[in-house]
Every structure is written in C-alpha cells, then in structure tokens.
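Okay, structure first, notes after.
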Amino acid sequence: MFFYLTMLNLTKYLSEVCPIISPNEQDVTTLGALEAWKHGDFLCRNYILNCLVNSLYNVYCNIESAKQLWESLEKKYKTEDAGTKKFVVAKFLDYKMVDSKSVMSQVQELQLILSDISAKGMILSESFQVAAMIEKLPPGWLDFKNYLNHKQKEMSLEDLILRLRIKEDNRRSANPSSESKANVVESSKSKQDRKRKMSFQGKGKQKEQF
Numbered sequence: 001m002f003f004y005l006t007m008l009n010l011t012k013y014l015s016e017v018c019p020i021i022s023p024n025e026q027d028v029t030t031l032g033a034l035e036a037w038k039h040g041d042f043l044c045r046n047y048i049l050n051c052l053v054n055s056l057y058n059v060y061c062n063i064e065s066a067k068q069l070w071e072s073l074e075k076k077y078k079t080e081d082a083g084t085k086k087f088v089v090a091k092f093l094d095y096k097m098v099d100s101k102s103v104m105s106q107v108q109e110l111q112l113i114l115s116d117i118s119a120k121g122m123i124l125s126e127s128f129q130v131a132a133m134i135e136k137l138p139p140g141w142l143d144f145k146n147y148l149n150h151k152q153k154e155m156s157l158e159d160l161i162l163r164l165r166i167k168e169d170n171r172r173s174a175n176p177s178s179e180s181k182a183n184v185v186e187s188s189k190s191k192q193d194r195k196r197k198m199s200f201q202g203k204g205k206q207k208e209q210f
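Here the sequence shown stands for residues 1 to 210, numbered as in the UniProt record's numbering.
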C-alpha cells in the first residue's frame, strides 16, 4: 500500500496535518494551496479505504484525515503482528522431540516453525538454529546429542540434518523393531483419531434420524 501511495505521490499526507490559515485569509495563492492539500488528503484517504475489506471499511470510514487513518491501521496491525510473533516464538520454545516419532519428521516440523519465525522478520543465526535443534533431540538420542555438543568444528544446518538422517538410518538398520514400534505408535494414534471422528459422525446421523 505504501509503495502504491508513493507511486501516486501521496505519501506526504500520511504524516502531514492540514495547514491552518486565518479565517480572514484572502490571499488566492494561500487559499488555493489549502484546497490542493485537502484534495490530496481526500485522495490518499480514499485510496487507503478502498483497499480495506468491507468490515474494516465500516470501522475506519469516519476517520477524517489520511494521517489519522494510516496511524490507526498501523497501530492495529503492529499489535496483531506482535501477538503473532510471540505465538510462533512460543511454539518454537515449547517444541520437544519425542522417541515415538521419526526424528527426521520432527526436524521437518521444526524447520517449518523456524521458517515462520524468519517470515515474521525475526532473524536467527544458523549457529543458533543448529544448537537449538541439537538441544531438542529426544531422550533416546542423548549419546548422539552429547557427541554433537562436544564437536569442536562448527556445523551448518544442512550438515546437521544430513548427520541426523544418516544416524536415524543406521539406528533403523541396527534395531528395526524399535523403529517398527515407533511407527505402530503413530499408526495407532491416527487410527484412534479416525475412530473418534467416525463415532462422532455416526452419533450425529442417529440424532438426525430422530
């Protein structure tokens, strides 16, 4: 929106207030400048309003100047954005890997959260992401976690993910029953969810028959 207003040369109305002149002012140039300013402010205000959905338009249409309108919208969305940032950060901090799921699938989930954090404009260094991912490894990976923490050479995130994939493949080959058990847990959980859903739908149909 700001870029669009810049193209129209209207951004000054987002920060300027209406010029004040004497009620007895007779100078044609001064009066003309005031009318030109009011017209520009009118255009800027209405360009902004026209970009709003109907529900927001009804809330903000009575604001008199482009500056007041812009500041009101900016305050609203900055507050909402701050709340969203806190939510995604909390999601990252609370995330804990478990032994009952594939580590690589959990790594992918963690990468999605990190991607959301980056999309919100919060930049986390790669070394921080690597350290955080190691710290979140499940209890069954404690020995490998300690091994990674004691490595002197700094790893990239790509290197870490590759190491985790190789390690998981090796663990799967060495102890297939453990991996099968994890898959059974995940499969059992999904089946239970489906049963609950079908049971709920069945009850709904019985009610409809009455």
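Ideal placement from N, C-alpha and C gives every residue a C-beta, glycine not left out.
Query	Result
Whether residue 48 touches residue 69 by CB criterion (8 Å)	yes
Pick from 126, 67, 75, 3 that is closest to residue 13, judged by C-alpha positions	67
Among 87, 77, 136, the one whose alpha carbon lies nearest that of residue 117	87
Helix, strand or coil at residue 97 according to DSSP, with G and I counted as helix	coil
Inter-residue Cα distance where the pair is residue 1 and residue 51	8 Å
Alpha carbon of residue 204 to alpha carbon of residue 42, nearest angstrom	Because residue 204 sits at a pLDDT of 47, beneath the cut-off of 50, its placement in the model cannot be relied upon, and the following sentence gives the value as read from the coordinates. About 55 Å.
Where residue 7 falls, given that 16 or more other Cβ within 10 Å makes a residue buried	exposed
Selected residue, minimal CA-CA separation from residue 135, among 62, 146, 125	146
Nearest to residue 152 (by Cα), restricted to the options 92, 96, 127	127
Simplified DSSP state of residue 150, which is helix, strand or coil	coil
Three-state secondary structure assigned by DSSP to residue 134	helix
N-terminal and C-terminal residue of the alpha helix (DSSP H) that residue 44 is part of	28 to 50
Under 8 Å between C-beta atoms of residue 37 and residue 19	yes
Residue-chain proximity (residue 43, chain D), Cβ-Cβ < 8 Å	The chain inventory of the structure shown lacks chain D, comprising one protein chain alone.
For residue 112, the nearest candidate out of 91, 101, 100, 172 (CA to CA)	91
Terminal residues of the alpha helix (DSSP H) in which residue 12 lies	Per DSSP, residue 12 belongs to no alpha helix (DSSP H) and is neither H nor E.
Continuous alpha helix (DSSP H) stretch holding residue 20: start and end	Unbroken run through residue 20: none, as it is neither H nor E.
Residue 94 vs residue 138 beta-carbon contact at 8 Å	no
C-alpha gap between residue 82 and residue 76, whole angstroms	10 Å
Range covered by the alpha helix (DSSP H) that runs through residue 167	157 to 174
Euclidean distance between Cα positions of residue 169 and residue 156	20 Å
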